[in-house]
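Protein chains in written order, with our numbering: chain S, 44 to 371; chain B, 44 to 371. Following: one structure in structure tokens, then a few remarks.
2 protein chains.
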Amino acid sequence: MADIARKTGVSPMTVSRAFKSGSLINKETRDAILKAAEELGYVFDSTASNLRSKKTDFIAVTIPSINNANFADTVGGLSSVLSARGFQILLGYTNYDVEEEERLIEHLLRRKPQAIAVTGGKHTRRARKLLENAKIPVIETWDVPAEPIGHFVGFSNAKAVRGMVDHFVAVGYRRIAFIGGDASRDTRGTDRRHGFIAALKDHGLDASRLIDAGAPPISMREGANAMGRLLTELPDTEAVICVSDLSAFGALTECQRRGVRVPDQMAIGGFGDYEIGGISVPALTTVNAHARQIGERTGALILDLLNGEQTIADVTLQPQLIVRESSR
Amino acid sequence: MADIARKTGVSPMTVSRAFKSGSLINKETRDAILKAAEELGYVFDSTASNLRSKKTDFIAVTIPSINNANFADTVGGLSSVLSARGFQILLGYTNYDVEEEERLIEHLLRRKPQAIAVTGGKHTRRARKLLENAKIPVIETWDVPAEPIGHFVGFSNAKAVRGMVDHFVAVGYRRIAFIGGDASRDTRGTDRRHGFIAALKDHGLDASRLIDAGAPPISMREGANAMGRLLTELPDTEAVICVSDLSAFGALTECQRRGVRVPDQMAIGGFGDYEIGGISVPALTTVNAHARQIGERTGALILDLLNGEQTIADVTLQPQLIVRESSR
DNA sequence: ATGAAAGCGCTAACAT
DNA sequence: ATGTTAGCGCTTTCAT
Numbered sequence: 044m045a046d047i048a049r050k051t052g053v054s055p056m057t058v059s060r061a062f063k064s065g066s067l068i069n070k071e072t073r074d075a076i077l078k079a080a081e082e083l084g085y086v087f088d089s090t091a092s093n094l095r096s097k098k099t100d101f102i103a104v105t106i107p108s109i110n111n112a113n114f115a116d117t118v119g120g121l122s123s124v125l126s127a128r129g130f131q132i133l134l135g136y137t138n139y140d141v142e143e144e145e146r147l148i149e150h151l152l153r154r155k156p157q158a159i160a161v162t163g164g165k166h167t168r169r170a171r172k173l174l175e176n177a178k179i180p181v182i183e184t185w186d187v188p189a190e191p192i193g194h195f196v197g198f199s200n201a202k203a204v205r206g207m208v209d210h211f212v213a214v215g216y217r218r219i220a221f222i223g224g225d226a227s228r229d230t231r232g233t234d235r236r237h238g239f240i241a242a243l244k245d246h247g248l249d250a251s252r253l254i255d256a257g258a259p260p261i262s263m264r265e266g267a268n269a270m271g272r273l274l275t276e277l278p279d280t281e282a283v284i285c286v287s288d289l290s291a292f293g294a295l296t297e298c299q300r301r302g303v304r305v306p307d308q309m310a311i312g313g314f315g316d317y318e319i320g321g322i323s324v325p326a327l328t329t330v331n332a333h334a335r336q337i338g339e340r341t342g343a344l345i346l347d348l349l350n351g352e353q354t355i356a357d358v359t360l361q362p363q364l365i366v367r368e369s370s371r
Numbered sequence: 044m045a046d047i048a049r050k051t052g053v054s055p056m057t058v059s060r061a062f063k064s065g066s067l068i069n070k071e072t073r074d075a076i077l078k079a080a081e082e083l084g085y086v087f088d089s090t091a092s093n094l095r096s097k098k099t100d101f102i103a104v105t106i107p108s109i110n111n112a113n114f115a116d117t118v119g120g121l122s123s124v125l126s127a128r129g130f131q132i133l134l135g136y137t138n139y140d141v142e143e144e145e146r147l148i149e150h151l152l153r154r155k156p157q158a159i160a161v162t163g164g165k166h167t168r169r170a171r172k173l174l175e176n177a178k179i180p181v182i183e184t185w186d187v188p189a190e191p192i193g194h195f196v197g198f199s200n201a202k203a204v205r206g207m208v209d210h211f212v213a214v215g216y217r218r219i220a221f222i223g224g225d226a227s228r229d230t231r232g233t234d235r236r237h238g239f240i241a242a243l244k245d246h247g248l249d250a251s252r253l254i255d256a257g258a259p260p261i262s263m264r265e266g267a268n269a270m271g272r273l274l275t276e277l278p279d280t281e282a283v284i285c286v287s288d289l290s291a292f293g294a295l296t297e298c299q300r301r302g303v304r305v306p307d308q309m310a311i312g313g314f315g316d317y318e319i320g321g322i323s324v325p326a327l328t329t330v331n332a333h334a335r336q337i338g339e340r341t342g343a344l345i346l347d348l349l350n351g352e353q354t355i356a357d358v359t360l361q362p363q364l365i366v367r368e369s370s371r
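Structure follows, in structure tokens:
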């Protein structure tokens, strides 16, 4: 900035103002400054700006995996709301591991973000403490935490699966299995499995048809393998609910390879309303968890909190059951 | 740090050393300092550190879309190599738009990253200039740029499709169509289409069976719609190559809905070796572009360049044709 | 192994 | 509308 100030014959402070929109500055002065900056190949230094002004334009976000369309949608929603207001998302992946999440949160907080959104409501004790002490808005997403740290934008994974179970039972399925969600690392998957078990029990049905599909993220391939085991070990199963549409699609393909007709011989339900569930043949019954909306609402909530307008309270979304051809 | 220094009776400089691994410091002094820091709820300020030391631990990365498994794999590869060395990825999405890329690059450079990796070799003139002037390693990926700005880690999209065309022709297909890649925004998709046209012409075949599938990213649904048009408008087509596995899978489902047998009545090829291509029934013939490897090699190249060891030159990867059931 | 002084590049606060 | 002064929280550099 000093160079530009010298070149244009103004003070560094004026140069500073020229780069900040909404500052009191003569239009010609600003144009001359911006022109000089471009000629000098000047690049504004956010680091110094952030240090002096004691604020950054970072919003920290942690998600379990980068390679998941649901979380990508959430980040997309967040990003569209926050980028428009000049914020930069600082993204980290926990790989479905709370220890990794703790490390990540610690590092993200060192960058002094203005707010932080984390996926899920389960954290290490130290991570929780770090978030509590951070003195910035903390939003937990994709869950309804028993004891929220700050705010949350989520839904009940257990209730969402219960909704599908209720539907399956209502249309006549009785011997219903569940694939995935038993790895304790993926708490949302585990919640879905717990919801499945509780719902079946409430209907007086056997809730022991549980197929382990491995550690999250559960792939299409693992869904297919799990369906293979289900068909071998519990061949009288009438319907299966999978922890996600990806594993559900894998399960569907395994049925196709074995000549098992879906839904006649085996009904399949997924979770997450991924694109594939809407286009596969047959299309998959699933639950839309409003992934993008979670991001948009989180972004809006963050903006409100930063503006001191505590208008939005916590947000509990209602997942939507989508019945398609893979079940009746 | 001053607070911690006071509390432990040392100078702020010693506190600073306690947080930096590999510094000359008494073990007990360090332990006392770290303990005091934890008690005070101290969080290290990267902003100040970065300003004074004139270096950050940011590596800037731009990708067209967050919601694409191929780019996610590349970021995953980059991340695994660079996080292990303490770097933080600063990620931005261009939405397949070079103007947006320019804005993004400008903002990313303000954070003074140590290196920047961008997807593709086509940029606005100003973006190119910004990268040239940045005085940090610049890596272009997913492409072999005609005039690289700095380094590149990529492959020829045109040649990769040519390889599939050669195979299709060798096994007897003659009336071959292409879906996607006509939106000029997605330069890699356009390169694939150009490669398709050139290859067909070299075989003396008609290269006019081109179906527009809309602006990138091309979804499964758009692939299905495109296949619908292809079957209606050019019903004697024997094989189709799609710009990605996602559109190829959509095309496959459209065949299934219409009772068109794949590959007997219509062979299908995709691109990118997405998980779905390996598990769908039939499985999809595709091209593995080594997405994760692009990220890993880019990360390794960046580390070498930052260490001043110019050992790796540019990297041109060889995409691999994978023939599966959707073609013969 | 530790400390003292100086300053990274901006901008808050105040002045004109 | 513009300028002056001081300082954000660290780390470089030099000293002991």
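Here a beta-carbon is modelled for each residue, glycine too, at the ideal position from N, C-alpha and C.
The Cβ-Cβ distance between isoleucine 355 (chain S) and valine 118 (chain B) does not fall below 7 Å.
Under the DSSP assignment, glutamine 157 (chain S) falls outside any beta strand (DSSP E); it carries neither an H nor an E label.
Following the DSSP letters along the chain, one finds valine 196 (chain B) inside the beta strand (DSSP E) bounded by residues 194 to 197. At a cut-off of 7 Å, the C-beta of lysine 155 (chain S) has a neighbouring C-beta in chain B. At a cut-off of 7 Å between C-beta atoms, serine 89 (chain B) counts as an interface residue with respect to chain S. The shortest CA-to-CA distance from lysine 178 (chain S) to any of S:Leu348, S:Gln336 and S:Asp209 is the one to S:Leu348.
For valine 118 (chain B), the closest Cβ of chain S is nearer than 7 Å. A direct Cα-Cα distance of roughly 6 Å separates histidine 237 (chain B) from alanine 201 (chain B). In this structure, the alpha-carbon of leucine 274 (chain B) lies about 11 Å from that of glycine 302 (chain B).
In the DSSP assignment, the residues bridged to valine 283 (chain B) are B:Ala220 and B:Ile311. A straight-line Cα-Cα distance of about 10 Å links valine 181 (chain S) and isoleucine 102 (chain S). A direct Cα-to-Cα measurement between arginine 264 (chain S) and alanine 326 (chain B) gives close to 12 Å.
In this structure, valine 161 (chain S) sits near threonine 105 (chain S), with a CB-CB distance shorter than 7 Å. Under DSSP, leucine 151 (chain S) forms no beta bridge with any residue. For valine 104 (chain B), the enclosing beta strand (DSSP E) covers residues 101 to 106. When Cβ-Cβ separations below 7 Å define contact, alanine 112 (chain S) makes contact with chain B. The C-beta of methionine 263 (chain S) comes closer than 7 Å to at least one C-beta of chain B. Taking a cut-off of 8 Å for Cβ pairs, the segment 56 to 72 of chain B and the segment 329 to 336 of chain S do not touch, as fewer than three such pairs fall below it. Residues of the same chain with a CB within less than 6 Å of the CB of glutamate 143 (chain B), apart from the 5 flanking positions on each side, are Thr137 in chain order. Take the alpha-carbon of histidine 246 (chain B) and the one of proline 306 (chain B): they are about 22 Å apart. Rounded to whole angstroms, the Cβ separation of leucine 289 (chain B) and isoleucine 261 (chain B) is 7 Å, and the two are in contact under 8 Å.
At a cut-off of 7 Å between C-beta atoms, leucine 152 (chain S) counts as an interface residue with respect to chain B. Remark: fewer than three beta-carbon pairs, one from each stretch, lie closer than 8 Å, so the segment 187 to 196 of chain B and the segment 210 to 218 of chain B are not flagged as touching. If you compare the alpha carbons of B:Thr72, B:Lys78 and B:Val141 with that of proline 259 (chain B), the shortest gap goes to B:Val141. Annotated three-state conformation of isoleucine 132 (chain B) is strand, per DSSP. When the five nearest sequence neighbours on each side are left out, no beta carbon in the same chain lies closer than 6 Å to the beta carbon of serine 126 (chain S). Here glutamate 183 (chain S) carries a strand assignment [DSSP, helix/strand/coil].
Between the alpha carbons of alanine 45 (chain B) and threonine 51 (chain B) lies a gap of roughly 10 Å. Taking arginine 272 (chain B) as the centre and dropping the five residues before and after it, the same chain places the C-beta of Ile254 closer than 7 Å to its C-beta, in chain order. Checking the DSSP bridge columns, you'll see glutamine 363 (chain B) partnered with B:Asn331.
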